[in-house]
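In order, the protein sequences belong to chains A and B.
Per our numbering, the very first residue in the first sequence carries number 39; after that it's consecutive.
Per our numbering, the very first residue in the second sequence carries number 22; after that it's consecutive.
Built from N, CA and C at the ideal position, the CB exists for glycine as well.
Here's the structure we're looking at; comments come further down.
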Amino acid sequence: MATPRDSSKRLRTAVRRLTGESPRKATHGELFCVEVASADGRPHAVTVQVDTHRKVPSKAVFNDLADRLRVPRRQIDEILDGWSPEQLRKHLSSLTHEQLRSRTPL
Amino acid sequence: MSGSVSDHPVAASEQAAELGWVFVSGPDGDRQLSQATAWHEDGVYTLRSAEFDVIAEDEDFDVAIDIFVAWLIDYAALLAERVDSRKATEDEARTFAVLSARLFPLLREAEQEKRRHIRRRRAPSTGHWRHQETQANGSARLSVA
Numbered sequence: 039m040a041t042p043r044d045s046s047k048r049l050r051t052a053v054r055r056l057t058g059e060s061p062r063k064a065t066h067g068e069l070f071c072v073e074v075a076s077a078d079g080r081p082h083a084v085t086v087q088v089d090t091h092r093k094v095p096s097k098a099v100f101n102d103l104a105d106r107l108r109v110p111r112r113q114i115d116e117i118l119d120g121w122s123p124e125q126l127r128k129h130l131s132s133l134t135h136e137q138l139r140s141r142t143p144l
Numbered sequence: 022m023s024g025s026v027s028d029h030p031v032a033a034s035e036q037a038a039e040l041g042w043v044f045v046s047g048p049d050g051d052r053q054l055s056q057a058t059a060w061h062e063d064g065v066y067t068l069r070s071a072e073f074d075v076i077a078e079d080e081d082f083d084v085a086i087d088i089f090v091a092w093l094i095d096y097a098a099l100l101a102e103r104v105d106s107r108k109a110t111e112d113e114a115r116t117f118a119v120l121s122a123r124l125f126p127l128l129r130e131a132e133q134e135k136r137r138h139i140r141r142r143r144a145p146s147t148g149h150w151r152h153q154e155t156q157a158n159g160s161a162r163l164s165v166a
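Below you can see the structure in the form of structure tokens.
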């Protein structure tokens with residue numbers, strides 16, 4: 039079965055579905071912005087970048103995506119495949135502002 | 022602001038990534054855009070900003086730098102829209118202030134250079150990468166981060 043790791047366009051489709059957001063066109067792909075309130079009550083925006091200039095995204099792209107969404111890198115495939123936009127927002131809203139700002143891999 | 026490279030990263034994984042700066046050369050000299058980590062894994066160069074949510078990759082490091090610069094500009098444009106529409110968070114507004122302070126002089130220089138280029142038919146300015154040169158990390162830049 040085809041997955042987002044197979045092509046940048048599939049990854050773009052998966053991120054569109056996961057974020058539930060309309061993308062902003064960029065020179066080499068699309069940007070998605072997910073706005074949430076953190077667990078400690080501060081507004082936060084997570085920006086997700088999907089680059090489509092290469093046909094197949096690298097491992098680094100998926101790791102970067104996981105870091106931005108503050109999910110374990112090893113789970114990014116199942117999250118792209120199975121989470122709803124509501125689940126993503128619930129997850130992000132469960133984190134503190136400092137946790138959301140971090141880019142340390144989980 | 023198309024790119025050329027003076028120095029390629031040789032680190033073979035993100036864990037061993039090299040720290041450096043992405044610069045853009047203009048008529049008024051080099052200007053730093055972003056601190057970034059860089060590595061070359063499975064035939065692909067990856068540049069990841071250490072300051073902003075920007076990543077770029079390509080088989081050609083010159084191209085990866087150009088794409089990195091383009092993503093930075095696109096990210097700044099997104100932030101500008103959010104600041105203008107009063108949707109920006111505190112973090113975004115702060116990031117936009119930092120990023121725009123670096124980008125706007127470059128864009129102004131690029132525009133001026135473009136005008137000069139049209140008049141003189143000269144080559145456009147170029148971007149490039151430099152390792153962060155300090156005694157502490159210079160000799161150990163390939164060690165595990």
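query: Residue environment, B:A97, which counts as buried when at least 16 other CB atoms sit within 10 Å; result: buried
query: Status (buried if at least 16 other CB within 10 Å, exposed otherwise) for A:S76; result: buried
query: Cβ-based neighbour list, B:V116, same chain, cut-off 7 Å, excluding 5 preceding and 5 following; result: According to the sequence displayed, residue 116 of chain B carries Thr and not Val. These residues qualify, in order along the chain: F73, L100.
query: Beta strand (DSSP E) segment containing B:T58, residue limits; result: 50-62
query: Chain B within 9 Å of A:D115, Cβ atoms only; result: no
query: Closer than 9 Å to chain B by CB, A:A98; result: yes
query: Beta-carbon separation (whole angstroms), B:S55 vs B:V43, contact threshold 8 Å; result: 5 Å
query: Anticipated Cβ contact below 8 Å, B:V45 with B:V90, distance rounded; result: 7 Å
query: Simplified DSSP state of B:W150, which is helix, strand or coil; result: strand
query: Opening and closing residue of the alpha helix (DSSP H) in which B:A37 lies; result: Per DSSP, B:A37 belongs to no alpha helix (DSSP H) and is neither H nor E.
query: C-alpha distance - A:R127 paired with A:R108, whole-angstrom precision; result: 11 Å
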